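Residue numbers (the numbering used here): 4 to 288.
To start, the structure under review is shown below, and the notes come after it.
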Amino acid sequence: ILRTGLIVKKYRGSNSLIYITEHALLSRYIFTSIKNQIKVGPNIFGERITRFKKHVVYRLNFTKILNMDEFKLFLKSMGIQVIQDEGKKIYDDYEINERCCVRAYIRGGFLAVGSITNPEKAYHLELSFTDRKIAEEYMGFMKRFDLKPRHLSRKGYEIVYMKEGQDIVDFLNVIGAHRGLMEMENIRILKDMRNQVNRIVNCETANLGKIVNASLKQVEYIRHLDKTVGIENLPQGLKEIARLRLEFPEASLAELGKMLNPPLGKSGVNHRLRKLEKIAKDKML
Numbered sequence: 004i005l006r007t008g009l010i011v012k013k014y015r016g017s018n019s020l021i022y023i024t025e026h027a028l029l030s031r032y033i034f035t036s037i038k039n040q041i042k043v044g045p046n047i048f049g050e051r052i053t054r055f056k057k058h059v060v061y062r063l064n065f066t067k068i069l070n071m072d073e074f075k076l077f078l079k080s081m082g083i084q085v086i087q088d089e090g091k092k093i094y095d096d097y098e099i100n101e102r103c104c105v106r107a108y109i110r111g112g113f114l115a116v117g118s119i120t121n122p123e124k125a126y127h128l129e130l131s132f133t134d135r136k137i138a139e140e141y142m143g144f145m146k147r148f149d150l151k152p153r154h155l156s157r158k159g160y161e162i163v164y165m166k167e168g169q170d171i172v173d174f175l176n177v178i179g180a181h182r183g184l185m186e187m188e189n190i191r192i193l194k195d196m197r198n199q200v201n202r203i204v205n206c207e208t209a210n211l212g213k214i215v216n217a218s219l220k221q222v223e224y225i226r227h228l229d230k231t232v233g234i235e236n237l238p239q240g241l242k243e244i245a246r247l248r249l250e251f252p253e254a255s256l257a258e259l260g261k262m263l264n265p266p267l268g269k270s271g272v273n274h275r276l277r278k279l280e281k282i283a284k285d286k287m288l
C-alpha cells in the first residue's frame with residue numbers, strides 16, 4: 004500500500020510524506036501496522052470535502068517520524084528513500100519471489116491507488132501512480148498472473164488500467180476480492196442476457212419489417228393482376244399462391260409454403276411470387 008500510495012508534497016509550508024485515502028478502515032489499518040512495527044504511528048487528519056459529493060478524506064502524515072531510524076528502516080524494507088529537503092522519493096528495485104507476496108502487493112496497490120467503475124455502466128478498472136517506475140513494476144507483477152494491463156500517462160499520473168470485463172474479473176480473483184468478483188459476474192451475466200435478447204428482438208423486428216414490406220408489394224401486384232387479368236385466369240400454381248398471399252398478407256414465405264397442398268419450400272414460394280410480380284409489371288407497361 005505505502006510503496007504505491009505514498010506521496011511527498013507541500014503541506015502546511017514544508018515537504019511532507021503523506022498518504023491520502025477515503026477509507027477510514029484502511030487509514031486505521033496503516034496506522035496500526037506502522038505503530039506495531041516502530042511503536043509510533045503517523046498523524047491522522049480527517050478532512051470533510053464538500054465539492055462534487057460530500058465525503059471525508061483521511062490524511063496520514065509521516066513527517067514527524069521521518070527521521071526516526073526505525074521508520075527509515077521500515078521505508079528501506081519497502082525500497083523507499085525520502086529526501087525531504089528536495090521533496091522527492093527514490094524507489095529502489097523491489098523484488099518479490101513468493102507468489103502469495105506478489106498477490107499481497109497487487110492487492111495493496113489496488114487499495115492504495117485503485118478504483119473500479121460500476122460495472123452496470125461500464126467495465127473500467129484503473130490505478131493512478133505518481134511514479135512511472137512503480138507503474139511499470141506493478142504491471143510486471145500483474146503479468147506474473149497472466150493479467151493484461153494497459154498503460155497511459157495522464158495529467159502527471161501514470162495510469163494502469165483494464166477495460167475488458169473478463170480481465171477485471173481475473174484481477175479481482177488474483178487479489179482475493181471474491182465477493183466483488185461474484186457481484187460483477189452476476190452483472191455481466193445479466194448484461195450479456197439483456198444484450199442477447201435485444202439482438203434477437205432487433206433481428207426479428209428487422210426481419211418482420213422486411214416481410215411486411217415485401218408482402219405489401221406482393222399484395223399490390225396481385226390486386227393489379229386481379230383487375231387486369233383475373234386471378235382465376237392464372238395458372239393453377241400461381242392462382243393458389245396469389246389467393247394465399249391475399250388471405251394471409253402477414254405470413255412468411257415458409258408459412259405460405261406449408262399452406263399449399265402439396266407443401267412447397269421457401270424458394271418455390273418465392274419463385275411463384277416473383278412470377279406474379281413480373282406478370283403484373285408487364286401489364287403495367
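Here a beta-carbon is modelled for each residue, glycine too, at the ideal position from N, C-alpha and C.
These numbers come from a predicted model, not from an experiment.
By the C-beta criterion, the stretch 201-209 is judged not to be in contact with the stretch 233-246, since fewer than 3 inter-stretch pairs fall below 8 Å.
Within the DSSP secondary-structure output, Val163 pairs in a beta bridge with Leu130 and His154.
Per DSSP, Ser118 lies in no alpha helix (DSSP H); the unbroken beta strand (DSSP E) holding it starts and ends at Gly117 to Ile119.
Distance between Met187 and Gln221, taken at the CA atoms: about 50 Å.
In the DSSP assignment, Asn216 falls within the unbroken alpha helix (DSSP H) covering His181 to Thr231.
Inter-segment contact for the stretch 178-194 and the stretch 204-218 is absent: fewer than three beta-carbon pairs are separated by less than 8 Å. In this structure, Phe251 sits near Leu259, with a CB-CB distance shorter than 9 Å.
Taking C-beta atoms as the reference points, Leu267 and Leu237 fail to come closer than 9 Å. Counting the other Cβ atoms within 10 Å of the Cβ of Lys284 gives fewer than 16, which makes it exposed.
In the three-state reduction of the DSSP assignment, Gly143 falls in the helix class.
Rounded to the nearest angstrom, the gap between the Cα atoms of Lys67 and Ile21 is 11 Å.
Boundaries for Arg62: no alpha helix (DSSP H) harbours it, while the beta strand (DSSP E) harbouring it runs His58 to Asn64, taken from the DSSP string. DSSP places Tyr22 within a strand segment (E or B) once states are collapsed to three.
Between Leu228 and Lys286 a beta carbon distance of about 7 Å is seen, short of the 8 Å cut, so the two are scored as contacting. For Asn39, the secondary structure class from DSSP, reduced to helix, strand or coil, is helix. Boundaries around Ile244 are those of the alpha helix (DSSP H), Gln239 to Glu250, since no beta strand (DSSP E) includes it.
In the DSSP annotation of this structure, Ile282 is not part of any beta strand (DSSP E); the continuous alpha helix (DSSP H) holding it starts and ends at Lys269 to Met287.
With contacts defined as CB atoms closer than 9 Å, Ile10 and Thr133 qualify as a contacting pair. Note on geometry: alpha-carbon atoms of Ala180 and His26 lie some 16 Å from one another.
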